[in-house]
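Visitor:
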Amino acid sequence: MWNLIINNCYVIAIGTIGSILATVVVLVTRIIFYKVRDLFPAHSLFRGILDSDLPCLIFTLRLTDMKREGKFLTPIPKYAVASPQEEYEGRQLTPWVTSTSETQAVANILNILGRVGRTKNIQILFVDQDSGRWDAPMFILGGNWKATRSFETCMPIFSYRDEKIILESTKDVYRPKTSDHDIGFLQKTINPVTGFPVWVAMGWRGAGTVAATYALLRWWKEIGILYGSHPFGILIGMNDKDGWQQSHIVRIYPEPKCYKKIFHPVVWRRISKAISDASVSMILGKPTEQSAAPDRR
């Protein structure tokens, strides 16, 4: 009888130890998997771009002289955003131009793509010509109707409506604190129909758009480690006097998962340290008279 009891206890102990070891093996395997995957943040962050033969699209704005006078030196004519299918009967078409901020934003994105190894099949398009294209991964730069369309269809983190930048989950409203400040946001969402990533970099004014692209250029490794292939949004603040290269992170959303913070404490501390208090560069709530009007160029 005692032998039977001992044998049963032995079997139970072996079973318990085996269950514990199996659980430990599963946990260790998961940890190793995430650690190895995070060694390649670019492949996670830019999934759909680096692992696809499809073109990578960069959408930007082009401007045209409203008076159609064709002046490009001094005095500088008043330019406006081009409209789709715009026709000017009996007039010579004025060559298109792009703003300095849009050009710099495109340059920042090209710099990022070059750093992560995407150097071919990149198309720079104007939204008034190709606003209906959603058949490839893309970057949308600046405030335009394609960005607005992405807010309606791609479950955005941030959006721009009624001259306000809005954090969709909380409905918090962001505007520049004064006319000497600018804000912008960078977000990655997924097109629910095609599954392709849709990146949007948009500022209150042109400098905010550049600052948003610069944030990705500066922090892409940390972002890739903390978010991988998942959607995220980053709110950027800057002082016009300091320039977009001195912009800072004000808020990231959603907050990275706990295991990411635990496994990557140095990266999380680096990002946390970079986040500045919102009162430094912006305010929450209703617009104030001090806030500058947005410049959609």
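Heads up, the sequence shown is in the numbering used here, so the first residue is 310 and it goes up one at a time.
We put the beta carbon where it would ideally sit given N, CA and C, even for glycine.
Among 546, 521, 524, which has the Cα closest to the Cα of residue 488?
Guide: Closest by alpha carbon: 546.
Visitor: Any idea if residue 476 is buried or exposed, counting beta-carbon neighbours within 10 angstroms, 16 or more meaning buried?
Guide: Answer is buried; the Cβ neighbour count reaches 16.
Visitor: Can you tell me the Cα-Cα spacing of residue 497 and residue 522, whole angstroms?
Guide: So the two alpha carbons sit approximately 12 Å from each other.
Visitor: Is the beta carbon of residue 354 closer than 8 Å to that of residue 536?
Guide: Contact: yes.
Visitor: Quick one: what does DSSP say residue 557 is sitting in, helix, strand or coil?
Guide: Strand at residue 557.
Visitor: Using 7 Å as the cut-off, classify the Cβ of residue 413 as near or not near the heavy atoms of the ligand SAM, replying yes or no.
Guide: As for the ligand SAM, it is missing from this structure, which has no ligand bound.
Visitor: Just grab the DSSP bridge partners of residue 533 for me.
Guide: Answer is none; residue 533 lacks a bridge partner.
Visitor: Check whether the stretch 510-520 and the stretch 566-586 are in contact - that is, three or more C-beta pairs closer than 8 Å.
Guide: Short answer: they don't touch.
Visitor: For residue 290, count neighbouring Cβ atoms within 10 angstroms of its own Cβ and tell me buried if that reaches 16, exposed if not.
Guide: Since the first residue of the chain shown is 310 and the last is 606, residue 290 is not available in this structure.
Visitor: Using the C-alpha atoms, what's the distance from residue 503 back to residue 532?
Guide: Cα-Cα distance, rounded: 23 Å.
Visitor: Could you pull the start and end residues of the alpha helix (DSSP H) that residue 513 belongs to?
Guide: Looking at the DSSP string, residue 513 is not in any alpha helix (DSSP H), and its letter there is neither H nor E.
Visitor: Out of 480, 543, 529, state which residue places its alpha-carbon closest to the alpha-carbon of residue 420.
Guide: Ranking 480, 543, 529 by Cα distance to residue 420 puts 529 first.
Visitor: So who's on the other strand from residue 506, going by DSSP bridges?
Guide: Partner(s): 499.
Visitor: Expressed to the nearest angstrom, what Euclidean distance is found between the alpha-carbon atoms of residue 328 and residue 442?
Guide: Going by the C-alpha atoms only, they are around 53 Å apart.
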